[in-house]
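Asks: Quick note: the sequence shown, position 159, residue 143 per my numbering, numbers continuous.
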Amino acid sequence: MEIVVARLVGKMLQEKMISTEDKKWYIYSLQLIIEKIVSYSTILLLAMIFGFFFQTIGFLLVFSVIRKYSGGFHFKHFWSCYLFSIGTYLAFVLVYQNYQFEFSIVPMIISSLACLGIFCIGAVNNRVYHWSMKEEREKCSLTRYSILVIYVVLAGLMLSGIDESYLWFMTWGLFEGLLSLILTKICE
């Protein structure tokens, strides 16, 4: 992946589309965009195969919002992250598919605990972000606000009688966001 991006940016330099000073920024940005496209496309393809496309969109929305503001664990290489993400998604889908949990209160209990954990941790600065103290405080605030919004949305969906599979997938997004924060605390 890195080689493809480096060649693409090299071609952009050759064609004078970008300046030499911006090369590292373009490499980083393009690599991030391609990695997200590959990861999300794979997860959405799996979601279509298993019949959980719209539920998975809920999962991705919740997880992406948490990651955007809270930071979290980063593998050193894309493929490690990719395999971990796909593996945890598949594990969840297979467990959910085989056990079809029936109690709508259970995802709300798990969501409550995950939200509480994320709320307490806030945001986690790591070797990738290098946030200043001010940025870290802002990220903590944004994480806490978004967790409150997500929780209210989940509660509203539960009260509206939405199919429980949506609640479970969104709960998994919360849980995986919390897991990412805990892994960062432990490993970095």
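Heads up, the beta-carbon is just placed ideally off N, CA and C, and yes, glycines get one too.
None of the values given here were measured: they were computed from a predicted structure.
Is the distance from the Cβ of Phe153 to the Cβ of Ile94 below 8 Å?
Replies: Position 169 of the sequence shown holds residue 153. Position 110 of the sequence shown holds residue 94. No, Cβ-Cβ distance for Phe153 and Ile94 is not below 8 Å.
Asks: Out of curiosity, what's the CA-to-CA distance linking Ala139 and Met92?
Replies: Looking up residue 139 in the sequence shown gives position 155. Looking up residue 92 in the sequence shown gives position 108. In a straight line, the C-alpha of Ala139 is about 7 Å away from that of Met92.
Asks: What three-state label does DSSP hand Gly(-6) in the structure shown?
Replies: For the purposes of this step, residue -6 is taken as the residue at position 10 of the sequence shown. Correct three-state label for Gly(-6): helix.
Asks: Specify, as a first and last residue, the run of the alpha helix (DSSP H) that Gly71 falls within.
Replies: Numbered from 1 along the sequence shown, position 87 holds the residue referred to as residue 71. Here the alpha helix (DSSP H) through Gly71 covers 62 to 83.
Asks: Quick one: residues in its chain with C-beta nearer than 6 Å to the C-beta of Ile105, no 5 flanking neighbours on either side, listed in chain order?
Replies: Here residue 105 refers to the residue found at position 121 when the sequence shown is read from its first residue. Closer than 6 Å at Cβ, skipping near neighbours: Leu165.
Asks: Which residues does DSSP pair with Gly55 in a beta bridge?
Replies: Your numbering for residue 55 matches position 71 in the sequence shown. Gly55 is bridged to Val108.
Asks: Identify which residue in Gly145, Val(-11), Tyr113 has its Cα closest to the Cα of Lys52.
Replies: Counting from one through the sequence shown, the residue named residue 52 turns up at place 68. Among Gly145, Val(-11), Tyr113, the Cα nearest to that of Lys52 is on Tyr113.
Asks: DSSP three-state label for Met(-15), please.
Replies: Taking the first residue of the sequence shown as position 1, residue -15 is located at position 1. Met(-15) falls in the coil class under three-state DSSP.
Asks: Going by beta-carbon coordinates alone, are Leu173 and Leu141 separated by less than 8 Å?
Replies: There is simply no residue 173 to check, as the chain begins at -15 and stops at 172 in what is shown.
Asks: Does the beta-carbon distance from Ser23 to Ser54 come in below 8 Å?
Replies: For the purposes of this step, residue 23 is taken as the residue at position 39 of the sequence shown. For the purposes of this step, residue 54 is taken as the residue at position 70 of the sequence shown. Not a contact, by the Cβ cut-off of 8 Å.
Asks: By alpha-carbon positions, which one of Gly(-6), Ile(-13), Leu162, Thr4 ends up nearest to Gly101?
Replies: Here residue 101 refers to the residue found at position 117 when the sequence shown is read from its first residue. The option with the nearest alpha carbon to Gly101 is Leu162.
Asks: Output the distance between the C-alpha atoms of Gly145 and Val137, rounded to the nearest integer angstrom.
Replies: Locating residue 145 in the sequence shown gives position 161, counting from the first residue. Locating residue 137 in the sequence shown gives position 153, counting from the first residue. Going from the Cα of Gly145 to the Cα of Val137 covers about 13 Å.
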